[in-house]
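K.L.:
Chains as they are written, first to last, in our numbering: chain Z, 1 to 112; chain C, 113 to 228.
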């Protein structure tokens with residue numbers, strides 16, 4: 001069965017510091033992988049996605065993620081965090097049936 | 113493009129009342145999804161439609177929940193009767209299927225439901 005694990009419930013970083021949010025997935029076939037961001041009181045916005053090809057994927061707002069099949073991971077990174085990046089981040093795996101399975105999310109706090 | 117539209121944005125009701133949540137997907141999208149988000153269970157898929165037909169409703173918690181999609185531009189999620197444990201944020205999302213099999217889901221702003 002498919003599942004997504006985000007081991008970090010809450011992360012705090014200083015503004016300007018680098019960021020890495022972890023995501024591990026379990027899926028029997030080639031995964032479709034997504035990162036979404038949710039600001040307080042808002043819906044989910046797509047940051048980036050991986051379907052195939054280059055394993056390093058660039059997204060919006062300066063985010064990138066790397067797909068590592070051997071580690072079943074799809075970690076999200078940003079070299080320099082801005083205060084506006086404070087939000088909740090969700091990793092998701094998509095199936096061929098068009099379902100999305102979400103992780104439990106990682107809440108990011110940015111310290112000035 | 114206006115994106116996925118949901119109404120109402122907030123709903124407060126009393127236990128036992130009927131609640132109807134509404135969703136307008138992005139024009140041209142043939143998949144529509146209903147999700148529920150709670151602190152305890154995170155984001156859960158309740159049901160999804162393809163070309164207005166329900167494909168998988170295994171996530172619907174119980175018979176009190178029902179969803180319809182009478183046409184390509186409108187869907188409802190109804191709870192009757194509502195209970196306090198139904199309090200959550202309900203999201204609607206839509207997507208279009210491409211030849212490669214999957215496309216991005218675009219989410220609406222959600223309906224925040226509080227059942228007293």
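A virtual CB, placed ideally from N, CA and C, is assigned to each residue, including glycine.
(1) With distances taken between CB atoms, is the gap from residue 144 of chain C to residue 172 of chain C smaller than 8 Å?
(2) For chain Z, check one thing: does any of its Cβ atoms lie closer than 8 Å to the Cβ of residue 140 of chain C?
(3) So residue 99 of chain Z and residue 157 of chain C are in contact, right, with Cβ under 8 Å, and what is the actual spacing, rounded?
(4) Using only the alpha-carbon positions, how far apart do residue 170 of chain C and residue 14 of chain Z sit?
(5) Locate the beta strand (DSSP E) running through residue 61 of chain Z, then write down its first and last residues.
(6) List the DSSP bridge partners of residue 5 of chain Z.
(7) Flag this pair as yes or no: are the beta carbons of residue 78 of chain Z and residue 94 of chain Z separated by less than 8 Å?
(8) Identify each residue in the region 88-106 of chain Z for which the Cβ-Cβ distance to at least one residue of chain C is less than 9 Å, and report them in chain order.
(9) Candidates Z/30, Z/56 and Z/45: which alpha carbon is nearest residue 221 of chain C's?
(10) Using a Cβ-Cβ distance under 8 Å, would residue 220 of chain C count as near chain Z?
(11) If you check the beta carbons only, do residue 176 of chain C and residue 191 of chain C fall under 8 Å apart?
(12) Do residue 194 of chain C and residue 165 of chain C have their C-beta atoms within less than 8 Å of each other?
(13) By Cβ distance below 7 Å, which residues in the same chain neighbour residue 216 of chain C in space, the five residues on each side in sequence not counted?
(14) Can you name the residues of chain C whose CB is closer than 7 Å to the CB of residue 49 of chain Z?
(15) Just the chain Z side, please: which residues come within less than 9 Å of residue 157 of chain C by C-beta, in chain order?
(16) Determine the DSSP secondary structure at residue 197 of chain C, reduced to helix, strand or coil.
(17) Can you check DSSP and say which residues form a bridge with residue 10 of chain Z?
(18) List, in chain order, every chain Z residue whose beta-carbon is nearer than 8 Å to that of residue 128 of chain C.
(19) Would you mind working out which of Z/2, Z/10 and Z/50 sits nearest residue 113 of chain Z, comparing C-alpha positions?
(20) Listing by chain order, which chain Z residues have their CB less than 9 Å from the CB of residue 203 of chain C?
P.N.:
Answer, in terms of the structure:
(1) The residue given as residue 144 of chain C occupies position 32 in the second chain. The residue given as residue 172 of chain C occupies position 60 in the second chain. Not a contact, by the Cβ cut-off of 8 Å.
(2) Walking along the second chain from the start, residue 140 of chain C turns up at place 28. No, residue 140 of chain C does not count as interfacial toward chain Z.
(3) For the purposes of this step, residue 99 of chain Z is identified with residue 99 of the first chain, where counting begins at 1. For the purposes of this step, residue 157 of chain C is identified with residue 45 of the second chain, where counting begins at 1. About 6 Å separates the two Cβ atoms, so the contact holds.
(4) On the second chain, position 58 is the one that residue 170 of chain C refers to. On the first chain, position 14 is the one that residue 14 of chain Z refers to. Whole-angstrom Cα-Cα distance: 42 Å.
(5) The residue given as residue 61 of chain Z occupies position 61 in the first chain. Counted as a single uninterrupted DSSP element, the stretch harbouring residue 61 of chain Z is not any beta strand (DSSP E), since DSSP gives it neither H nor E.
(6) Position 5 of the first chain holds residue 5 of chain Z. Paired residue(s): Z/24.
(7) Within the first chain, numbered from 1, the residue matching residue 78 of chain Z stands at position 78. Within the first chain, numbered from 1, the residue matching residue 94 of chain Z stands at position 94. Cβ atoms of residue 78 of chain Z and residue 94 of chain Z: not closer than 8 Å.
(8) 90, 92, 94, 95, 96, 97, 98, 99, 100, 101, 102, 103, 104 and 105
(9) Mapped onto the second chain, residue 221 of chain C falls at position 109. That would be Z/45, whose Cα lies nearest to the Cα of residue 221 of chain C.
(10) If you number the second chain from 1, residue 220 of chain C lands on position 108. Closer than 8 Å to some Cβ of chain Z, the Cβ of residue 220 of chain C qualifies, so yes.
(11) The residue labelled residue 176 of chain C in the question sits at position 64 within the second chain. The residue labelled residue 191 of chain C in the question sits at position 79 within the second chain. Yes, the pair counts as a contact, with Cβ atoms nearer than the cut-off.
(12) As a first step, residue 194 of chain C must be located in the second chain, where it is residue number 82. As a first step, residue 165 of chain C must be located in the second chain, where it is residue number 53. Against a cut-off of 8 Å, the Cβ pair of residue 165 of chain C and residue 194 of chain C comes out as no contact.
(13) In the second chain, counting from the first residue as 1, residue 216 of chain C sits at position 104. Within the same chain, residue 216 of chain C has close Cβ partners 207.
(14) Locating residue 49 of chain Z in the first chain gives position 49, where the first residue counts as 1. Contact annotation for residue 49 of chain Z against chain C: 216 [CB-CB distance below 7 Å, chain order].
(15) The sequence position of residue 157 of chain C within the second chain is 45, counting from 1. Correct list: 99, 100, 101 and 102.
(16) In the second chain, counting from the first residue as 1, residue 197 of chain C sits at position 85. It is helical.
(17) Here the question's residue 10 of chain Z lines up with position 10 in the first chain. DSSP lists Z/107 as partners of residue 10 of chain Z.
(18) As a working note, residue 128 of chain C is residue 16 in the second chain. The premise fails here: residue 128 of chain C is roughly 27 Å from chain Z at the closest Cβ pair, so nothing lies under 8 Å.
(19) The requested residue 113 of chain Z is not part of the displayed model; chain Z covers only 1 to 112.
(20) Residue mapping note: residue 203 of chain C aligns to position 91 of the second chain, counting from 1. Those are 43 and 44, listed as they occur along chain Z.
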